[in-house]
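What follows is a set of notes on a single structure, which appears directly below.
Numbering (our numbering), first residue to last: 54 to 266.
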């Protein structure tokens with residue numbers, strides 16, 4: 054569900070550009086779709102890593118996407134908080150080497166890659182930015198926390214819900230129907246009941262068609 058927000062938003066934005074989008078308050082589908090992402094948007098600081106000569110993501114939640122990057126240059130009078138253009142590594146190298154187009158404090162350039170910061174650990178997101186700023190922050194979208202239905206086992210072997218260690222869905226309340234239908238589809242697969250799968254799939258298609266029409 055979470056990952057569908059991005060292609061859906063792209064589709065709704067095309068409708069908006071064609072002036073066929075309803076811009077009435079509370080009925081703008083593009084804004085409604087973007088609203089669902091608000092809980093996952095974070096302004097995140099990046100930490101400079103000397104070994105990799107780049108900026109490492111310092112947040113605790115897994116990154117899904119990086120949006121606008123702000124590079125701060127603490128020069129005296131003035132200080133620059135510059136929107137950083139993101140390019141490919143090839144473009145970054147070509148532009149940085151050219152005297153005519155080399156990045157400046159006002160117009161920095163970056164590319165996004167990965168780096169293993171600690172031996173044996175998973176690769177982390179690394180920003181290469183030229184010229185090297187003093188502070189880097191970015192507007193990011195993080196992944197939702199995985200939901201968890203925690204339970205203890207009763208004296209009769211029954212499962213007893215444990216609210217203390219459970220993790221609820223972080224999705225918008227409007228997704229309740231889609232979540233329930235998705236769970237029903239999954240349950241249908243487990244019990245191998247094609248009728249449940251068919252009904253749940255049809256209902257999901259109706260909901261999606263209604264949202265996009």
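Even glycine gets a Cβ: it sits at the ideal position worked out from N, Cα and C. Predicted model only: the values in this text are computed from it and were never measured.
Sequence-distant residues of its chain with Cβ nearer than 6 Å to residue i (five each side left out)
i, result
"residue 166", "179"
"residue 142", "164"
"residue 119", "191 and 193"
C-beta contact flag for residue i and residue j at 8 Å
i, j, result
"residue 240", "residue 219", "no"
"residue 163", "residue 137", "yes"
"residue 188", "residue 254", "no"
"residue 101", "residue 108", "yes"
"residue 111", "residue 93", "no"
"residue 159", "residue 175", "no"
"residue 170", "residue 105", "yes"
"residue 191", "residue 144", "no"
Straight-line Cα distance separating residue j from residue i
i, j, result
"residue 161", "residue 97", "18 Å"
"residue 214", "residue 208", "14 Å"
"residue 152", "residue 193", "32 Å"
"residue 113", "residue 123", "20 Å"
"residue 247", "residue 115", "36 Å"
"residue 258", "residue 91", "25 Å"
"residue 195", "residue 234", "25 Å"
"residue 226", "residue 89", "9 Å"
"residue 95", "residue 132", "24 Å"
Sequence-distant residues of its chain with Cβ nearer than 8 Å to residue i (five each side left out)
i, result
"residue 222", "197, 200, 228 and 232"
"residue 140", "148, 162, 163 and 164"
"residue 157", "184"
Residue range of the alpha helix (DSSP H) that includes residue i
i, result
"residue 145", "142-150"
Opening and closing residue of the beta strand (DSSP E) in which residue i lies
i, result
"residue 204", "204-206"
"residue 224", "Taken as a continuous stretch (DSSP letters only), residue 224 belongs to no beta strand (DSSP E), as it is neither H nor E."
"residue 214", "212-214"
Residue i: CB within 7 Å of a non-hydrogen atom of the ligand ZN
i, result
"residue 97", "Ligands displayed in this structure: none; no statement on the ligand ZN is therefore possible."
*What are the uninterrupted segments assigned as alpha helix (DSSP H) that are 4 or more residues long and contained completely in the segment 152-209, given in chain order?*
Runs of alpha helix (DSSP H) with 4 or more residues, each lying fully within the segment 152-209, are absent.
_Length-filtered (4 minimum) alpha helix (DSSP H) runs lying within the segment 89-148_ = If one requires a minimum length of 4 residues, no alpha helix (DSSP H) run lies completely within the segment 89-148.
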